[in-house]
């Protein structure tokens, strides 16, 4: 049992590190979510709310405007920019939300 627990902890650390390095994490939230069903769409809205402090209605509208992309929605809300600019910044930064926000001159929340 102890060896299994240690192995699980090590695998969790490795996968968490990989997700961070790939730009799939912002703050402590997994932001690279594919909202393919109702449950995942609701999770995506909650992630945007937590990351930005926006209300549910604003998060839902912005997520819709961003084509369902949690990353774009977060950048749009924090930096107060349109979707095209958020897309451009995310492309420039390799999909890293924090770096995209920094390029706008805004501070992360």
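Residue numbers (this note's numbering): 204 to 312. No residue lacks a Cβ here, since even glycine has one placed at the ideal position from N, Cα and C. Since the model is a prediction, treat every value here as computed from it, not as a measurement.
Can you check whether the CB of residue j is closer than 8 angstroms to the CB of residue i?
i: residue 301; j: residue 292; result: no
i: residue 226; j: residue 270; result: no
i: residue 280; j: residue 251; result: yes
Just the Cα atoms here: how many angstroms apart are residue i and residue j?
i: residue 268; j: residue 309; result: 21 angstroms
i: residue 296; j: residue 261; result: 25 angstroms
i: residue 283; j: residue 307; result: 9 angstroms
i: residue 207; j: residue 286; result: 45 angstroms
i: residue 220; j: residue 258; result: 30 angstroms
i: residue 278; j: residue 205; result: 42 angstroms
i: residue 209; j: residue 217; result: 12 angstroms
i: residue 276; j: residue 231; result: 16 angstroms
i: residue 152; j: residue 288; result: The structure shown does not extend to residue 152, since the chain spans only 204 to 312, so no value can be given for it.
For residue i, count neighbouring C-beta atoms within 10 Å of its own C-beta (all shown protein chains included) and say buried if the count is 16 or more, exposed if not.
i: residue 266; result: buried
i: residue 272; result: buried
i: residue 248; result: buried
i: residue 254; result: buried
i: residue 211; result: exposed
i: residue 242; result: exposed
If we cut at 8 angstroms on Cβ distances, does residue i have a partner in chain C?
i: residue 210; result: Looking for chain C here will not work: only one protein chain is present.
Just to confirm my understanding: we take residue i, look at its own chain, exclude 5 residues before and 5 after, and list those with CB closer than 7 angstroms. What are they?
i: residue 238; result: 244, 247 and 271
i: residue 236; result: 243, 246, 247, 250 and 273
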